[in-house]
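What the sequence shown shows, in my numbering, is residues 1478 to 1880, in sequence order. Even for Gly, the Cβ is constructed at its ideal location relative to N, Cα and C. Notes follow once the structure below has been shown.
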Amino acid sequence: MKATGIVVEYNPFHNGHLLHAAESRRSTGSDVLIAVMSGPFLQRGEPALASKWSRTRMALASGVDIVIELPFPFAVQHATHFAAGAVQLLNSMGCSSLCFGSEDGSVKAFEDTINWRRDNQEVLDRQIKYYSKKGWSYPSAVAQSYEELNTSQIDRLDLSKPNNMLGLQYMEAIERYAPAIRPYTIKRQSSDYHDPMLHENKISSATSIRKTISESSLSPIQDHVPIPTYKELSAYYEQNGQFHSWSHYWPVLQHLILTKSPQELGSYYEMEEGIQYRLVEAAKSCQSFHSFMEAVKTKRYTWTRIQRILTHLLNGSKKEEIYTHLTPAYLRLLGMNDTGRKYLQQHKKLFSLPLISRIGKENEQLLRLDIRAGLVYAMGIQNREARQQLMDSDFTQPPIMFS
């Protein structure tokens, strides 16, 4: 059976994701679609709207055959480590291709950019360093440096676009870790990644869908997500009385910032350049997560970068702890359908990493960062019974079987 991989967050699964899944299968001619999906916390440093189990059900009901969890040390990371972890997991499962969405839509543009970088790495690094010293965020410094220096391409890759930037990291990770994987890309349709408004053609950004849910209700998004997603979101809200957002974790986060010394805060992953002092001062006066973020963000420290720092603080992720978990060590199975189960039965003995379907004493230590992230994530649920159920789920929930 031929397998293609996709890297996803599904926050939540929407019509654009439905198109991506279908086109990934069609363009690669694959029998099996394997999704590596972030768990409770996401790449941009925020809690997922709904649990990984809920989002797994959305995916399996809409065309994905197998869902594997991207471990926490890779899921809450800048693009390089995020992509490297995902590509290595897909490679270990025998995927012959990877299909990602991009604003450009051409693999050749990515290949040309990588080839150009290989010939100009030294001058590119100097230019990135120059803009970083001027206070630019790293992604902006990279995008600007490529734009200024790479003038030879007729069809240059716009690295100011988030999916193009992430796609470049997938391509570089394939080159480094999985040269046997063939890359494919699908052009992003209609809405931009950060578009805050629902799109009239019903293919809307996840940002706009979450914003609508937060400010209104589920009803307006009904035509912008597949039916199984809408039903799953409705059931999740009915069971838990809420979706997850940073506001639910603000009291705990504020307590952590105000009760730890600057030296202690400096030991947490991504806490660099004395940013902890800025966090402490803002935490003393800000009464909400949003006002806190507005107070601490700068041109250099973007909203996303600060959220990732805060996610690691909330989860107790020390620098040395993350540094020692930057090589994938396992495959955590979240769910599958009949096709996925058949693939696992035929191929799992060939996987280069162990496949874990249930957590027990023999593997609990291996997955401790994922387990801890799940417990912290559950703390955001206000309903006691629902919170406890989610806290127990890593040990009680078997992989979801969708037929």
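| Asked | Found |
| --- | --- |
| With three or more C-beta pairs closer than 8 Å as the rule, is the segment 1751–1764 touching the segment 1571–1591? | no |
| Rounded to a whole number of angstroms, what is the C-alpha to C-alpha distance between Pro-1660 and Ser-1765? | 43 Å |
| Starting from the Cα of Ser-1622, find the closest Cα among Lys-1610, Thr-1628, Asn-1640, Leu-1601 and give me that residue. | Leu-1601 |
| Which first and last residues belong to the alpha helix (DSSP H) in which Ser-1579 is found? | No alpha helix (DSSP H) holds Ser-1579; the beta strand (DSSP E) holding it covers 1574–1579. |
| Can the beta-carbon of Thr-1775 be found less than 8 Å from the beta-carbon of Val-1553? | no |
| Report back the beta-carbon spacing between Glu-1523 and Trp-1723 to the nearest angstrom; my notes put them in contact at under 8 Å. | 6 Å |
| Leaving aside the five residues before and after Gln-1716 along the sequence, list all residues of the same chain whose C-beta is less than 8 Å from its C-beta, in chain order. | Ala-1863 |
| Taking one C-beta from the segment 1564–1575 and one from the segment 1635–1655 each time, how about it: are there three or more such pairs within less than 8 Å? | yes |
| Just the C-alpha distance for Ala-1527 and Asp-1596, rounded to the nearest angstrom, thanks. | 44 Å |
| Give a yes or no on whether the C-beta atoms belonging to Thr-1533 and Gly-1812 are separated by under 8 Å. | yes |
| With a threshold of 8 Å, are at least 3 pairs of Cβ atoms found where one atom belongs to the segment 1699–1717 and the other to the segment 1491–1511? | yes |
| For Glu-1649, which residues of its own chain have a beta-carbon under 7 Å away from its beta-carbon, when the five flanking residues on both sides are left out? | Ile-1591 |
| What does the alpha-carbon distance come out to for the pair Val-1485 and Ala-1512? | 7 Å |
| Near Gln-1731, what residues of its chain come up, given a Cβ to Cβ distance below 6 Å and the 5 sequence neighbours on each side ignored? | Ala-1760 |
| With DSSP as the reference, label Ala-1499 as helix, strand or coil. | helix |
| Rounded to whole angstroms, what's the CA-CA distance from Met-1478 to Pro-1616? Just pull it up for me. | 38 Å |
| When you compare each of Arg-1818, Lys-1826, Gly-1793 to Pro-1550 by their alpha carbons, which one comes out closest? | Gly-1793 |
| Suppose the cutoff is 7 Å on Cβ atoms and the five residues either side in sequence are ignored; what does the same chain contact list for Cys-1572 look like? | Ala-1480, Thr-1481, Gly-1482, Ile-1511, Ile-1658 |
| So, using beta-carbon positions, are Asn-1840 and Ile-1848 closer together than 8 Å? | no |
| Here's the rule I'm using: 16 or more other beta-carbon atoms within 10 Å means buried, otherwise exposed. How should Gly-1540 be labelled? | buried |
| Relative to the C-alpha of Trp-1593, which residue among Ala-1620, Ser-1569, Tyr-1607, Leu-1626 is closest? | Leu-1626 |
| CA-CA distance, Arg-1633 and Thr-1804? | 32 Å |
| Could you tell me which residues DSSP puts in a beta bridge with Tyr-1661? | Cys-1576 |
| Can the beta-carbon of Ser-1579 be found closer than 8 Å to that of Asn-1641? | yes |
| Based on DSSP bridge pairs, tell me the residues matched to Asn-1814. | Phe-1879 |
| Looking at the structure shown, is Leu-1634 part of a helix, part of a strand, or coil, going by DSSP? | coil |
| Report yes if the C-beta distance between Leu-1810 and Pro-1705 is below 8 Å; otherwise report no. | no |
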